[in-house]
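Take a look at the structure set out below.
Protein chains: 2
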Amino acid sequence: MIDHTHDPALTSWVASANEPHTDFPIQNLPFGRFRPAGGGKGWRIGVAIGDQVLDLRLVMEEELWGQGEQRVMQWLAEGELNAFMALGGDARRKLRHLLSDALREGSRQEAALRHCLRPQADIELGLPCHIGDYTDFYTGIHHATAVGKLFRPDNPLLPNYKWVPIGYHGRVSSLGVSGQRFHRPLGQTQPPAPDASPVFGPSQRLDYELELGVFVGAGNPLGRPMSMAQAENDWFGMVLLNDWSARDLQAWEYQPLGPFLAKNFATTISPWIVTQEALAPFRAPHQRPASDPQPLAHLDSPANREAGALDITLEVLLQTARMRSEGVAPERLMRSNFRDAYWTVAQMLAHHSSNGCNLQPGDLLGSGTQSGPEVGQGGSLLELTQGGKQAITLANGETRRFLEDGDTVLLRAVCERPGARRIGFGPCAGTVLPAVEGPRH
Amino acid sequence: MIDHTHDPALTSWVASANEPHTDFPIQNLPFGRFRPAGGGKGWRIGVAIGDQVLDLRLVMEEELWGQGEQRVMQWLAEGELNAFMALGGDARRKLRHLLSDALREGSRQEAALRHCLRPQADIELGLPCHIGDYTDFYTGIHHATAVGKLFRPDNPLLPNYKWVPIGYHGRVSSLGVSGQRFHRPLGQTQPPAPDASPVFGPSQRLDYELELGVFVGAGNPLGRPMSMAQAENDWFGMVLLNDWSARDLQAWEYQPLGPFLAKNFATTISPWIVTQEALAPFRAPHQRPASDPQPLAHLDSPANREAGALDITLEVLLQTARMRSEGVAPERLMRSNFRDAYWTVAQMLAHHSSNGCNLQPGDLLGSGTQSGPEVGQGGSLLELTQGGKQAITLANGETRRFLEDGDTVLLRAVCERPGARRIGFGPCAGTVLPAVEGPRH
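Protein chains in written order, with our numbering: chain H, 13 to 453; chain S, 13 to 453.
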């Protein structure tokens, strides 16, 4: 629903929010969990505005609004984003309106809120909420086809793909936010010789995956599936997500129960949740080729066909250790768009709950790798290098088949459309550290 | 380590703990989380003894022990089993000794502790702790072979099986304890006709899986794998686990990323965690056939070979709605033993953390279905009915290929060995309710 909070002409008394290239203009207002840089206790919920964060604990203490609004603020003031997520879409929209009105140029609340701001440079960000379960989907059909070709040349896209929004459960404990640094995973791999025994050691085929992450809002009780209409309204917002993957571990372990150690050593998300409401101007039709099967009734709705897709431009950038030491900026490896996903966010939620599985506030759903339809739009090195066969060459002459120690991968997402204010997701960066020696026995 | 707490001659001043067929003699002392039957606030941690539960909040208030012991008790008194799990094996053993000494016949603490008991009949039990992540393994080689034959007749046991303790991530939100009742899941299935479109409706092939669940103790930090020696000492204890499975959903959805909606609608565990220490007398050698590959170094240790297995007798019983209405007791469908698992508990933990994945206190690891080597020892109906082809007939003449609405499945586990006091796990029961109609669109 587009309203005055989306007006591209709207500006804020926080001057940095009016810069043309900020990710966080007043039209965005994403939620994050922060504390003063350098640690210390007391995570708080904040809203990003320009290069500042609005501390919702301090806002609460100003008592700017009536009792109902203050009650909503109470949870946020206590640092509990999940409880706010549980309130659903109406509360989300209500707060968006209050904050937009308070932060706009000429607001009477400017004086009260000025001291509720902190520079983002002075904070550290954590996971935005308690994540009870993390599920990873596989909605990128171009990725599924390209990777399917490498793992199953004769059978790249399986028969269920166009009927079932394929997903599997992921690991919560190793989720981290932008800035995450993790050691190259050790694991079992099978040498190429046909009868050779597997060996255990550092992964030689470490990769990233460009994804979006969706946070569940109010969710559904066990045994009560969400309709498409509920699903459409339920999801809270989105982040970027890097589903780091060890391809050599994956190839050896994934049959018959799917990826496990190939994925669960680290997953990095961007710390600011861009709400469903902020993304409203970037809705797009979700249309399948007429030759494709149409979704079954529980995964279909007119609203989904008309505006179920999201026009979000995605990018992967790489900065090697050498580039960093020489002060060279990250280099873009590809660009794609979430509009090309085969399944929508609402379809992910409706499918996930269709068997009665309960989704809870703050649960995280990965979109799967978002590769574009063209050559060079692969959302992983596996695709860009054709399974490691064809190295890519960077501007400084370095080459990559897979990630090397010291590499930083940076994901970016931006929404731009004529007649709408540009919004962004903020960075999602992660760095590969050398493998640590295994335990002694 | 066997010590005086395992002495089979040891008896308790709680008379019901001395009954020969109790699951909870003084040699067991499992942990659970309870509250007064009928709800109300305030979950507490308790220890089962005979038909009673020892309320650790009340025990704490007695101040029976020194400051160090009281500090350990503090977490338990607050209802936080996870914090106690995080303390590791020494704290677990220390508390076991204190409680064993306090509950034994002739203890000077009897008078103080008498009023800390409540009848188990007067309480309800919840999940024993906060479960951050749930992983399901696949350690039953007889199950893997039998099921592999049904899904892949030409290739039942995949080449990685004897090298990798296969596992995948499961769903936390739909975990429940014994007594769980859940609706038959809806889902997509593919009709047998080769080009027919899939249909959405109630699963027609609903099944149970007989598993054990392992709770992680102190765990490991991200990036720091556990050695086998650490893994051996780390795990906190075990429960029974029923991994309810919708076989028709599973067959259609599981490629290429593994089971998802076929499993995540419900998983039932028994509420009492039987500790690693209580299971010490039931250790057994873990030996592979000489013709099989031996485990790689990070999954191998002399201790694991000598005593890595656990001699736990497992049973599945079924009570249909008709049996229940006629007052007929549950009927045993099979019996197997966890000794036959291809991978040990320590190997599960060492493998899971071998890539750096962090295991956290209270994480739950399923063992995979524990089928025995003989015909009739299948740990699921899929196996007992050869994929639904051959119905089983119950004593009252009813037949089953898969579960019907109203069926209650009851899992049992018992440890018995000459020279040791018999201990049990308590019941793990769950009941299938009819499917609910899907949401309206």
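Each residue gets a CB set at the ideal place from its N, CA and C atoms; glycine is no exception.
Nothing here was measured: the structure is a model prediction, and the numbers come from that model.
task = Using 10 angstroms around the beta-carbon of L218(H), count the other beta-carbons present and answer buried if the total reaches 16, otherwise exposed.
result = buried
ask   = Can a CB atom of chain H be found closer than 7 Å to the CB of P210(S)?
value = yes
message = Let me confirm a value: G78(H) is counted as buried when at least 16 other C-beta atoms fall within 10 Å, else exposed. Which label applies?
response = exposed
key: Range covered by the alpha helix (DSSP H) that runs through M72(H)   = 68-73
task = Put S28(H) into one of helix, strand or coil per three-state DSSP.
result = helix
query = With distances taken between CB atoms, is the gap from T420(S) to Q288(S) smaller than 7 Å?
reply = no
ask   = With distances taken between CB atoms, is the gap from V184(S) to I143(S) smaller than 7 Å?
value = yes
inquiry  = Taking CB distances under 7 Å as the criterion, tell me whether S219(S) reaches chain H.
reply    = In the sequence as presented, Ser is not what sits at residue 219(S); that position holds Asp. No - not a single Cβ of chain H is within 7 Å of the one on D219(S).
ask   = Should S337(S) be labelled buried (16 or more other beta-carbon atoms within 10 Å of its own) or exposed?
value = exposed
task = Output the distance between the C-alpha atoms of S24(S) and E31(S), rounded to the nearest integer angstrom.
result = 10 Å
CB contact check: W175(H) to chain S, cutoff 7 Å = yes
request  = Tell me, please, whether the CB atom of L170(H) is closer than 7 Å to any CB atom in chain S?
outcome  = yes
is_contact[I143(H), chain S] using C-beta, thresh 7 Å = no
request  = Ignore the nearest five residues each way along the sequence and tell me which others in R452(H)'s own chain have a CB closer than 8 Å to its CB.
outcome  = Summary for R452(H): the model assigns pLDDT 49, below 50, so the residue's position carries little reliability, and this model does not support an answer.
task = Verify the CB distance criterion: does N40(S) have a CB-CB separation below 7 Å to chain H?
result = no
task = Could you tell me the boundaries of the alpha helix (DSSP H) in which H363(H) lies?
result = 357-365
query = What residues in its chain sit with their C-beta under 7 Å from that of G58(H), if we drop five residues either side in the sequence?
reply = G44, F46, V65, L66, D67, L68
task = Take A321(H) as the anchor and find which of L371(H), I435(H), L311(H), F294(H) has the nearest alpha-carbon.
result = F294(H)
message = Taking the straight line between their C-alpha atoms, what separation do you get for W247(H) and W175(H)?
response = 22 Å
request  = Count the other CB atoms, across all protein chains shown, that sit within 10 Å of the CB of H33(H); report buried if there are 16 or more and exposed otherwise.
outcome  = exposed
ask   = First and last residue of the beta strand (DSSP E) that includes N349(S)?
value = 343-349
inquiry  = Rounded to whole angstroms, what is the Cα-Cα separation between W256(S) and I14(H)?
reply    = 44 Å
query = Hey, how far is the Cα of T201(S) from the Cα of H310(H)?
reply = 14 Å
ask   = Is there a Cβ from chain H that is less than 7 Å from the Cβ of F277(S)?
value = yes
query = When you compare only the Cα positions, how much space is there between I38(H) and C440(H)?
reply = 21 Å
key: Partner residues on chain H for R45(S), Cβ-Cβ distance less than 9 Å   = What R45(S) touches in chain H: nothing, since even the nearest Cβ is about 18 Å away.
message = Can you give me the C-alpha to C-alpha distance between A21(H) and E122(H), rounded to a whole angstrom?
response = 19 Å
task = Return the residue from the list S209(H), G374(H), L137(H) that minimises the CA-CA distance to A230(H).
result = G374(H)
query = What residues match up with R259(H) in a beta bridge as DSSP calls it?
reply = Partner(s): none; R259(H) has no beta bridge.
message = List, in chain order, every chain S residue whose beta-carbon is nearer than 7 Å to that of R183(H).
response = D145, H181, C369
ask   = When you compare only the Cα positions, how much space is there between P301(S) and Q86(S)?
value = 47 Å
ask   = Which of the residues in the region 421-448 of chain S, read from start to end, lie with their CB under 7 Å from any CB of chain H?
value = V448
ask   = Is any heavy atom in the ligand ADP found nearer than 6 Å to the beta carbon of K161(H)?
value = Among the components of this structure there are no ligands whatsoever, and the ligand ADP is therefore not found.
Proximity test, Cβ basis, 7 Å: H154(S) and chain H = no
query = Within the 7 Å Cβ cut-off, does S186(S) reach chain H?
reply = yes
request  = Count the C-beta pairs between the region 185-196 of chain S and the region 441-449 of chain S that are closer than 8 Å, then say yes if the count reaches three, no if not.
outcome  = yes
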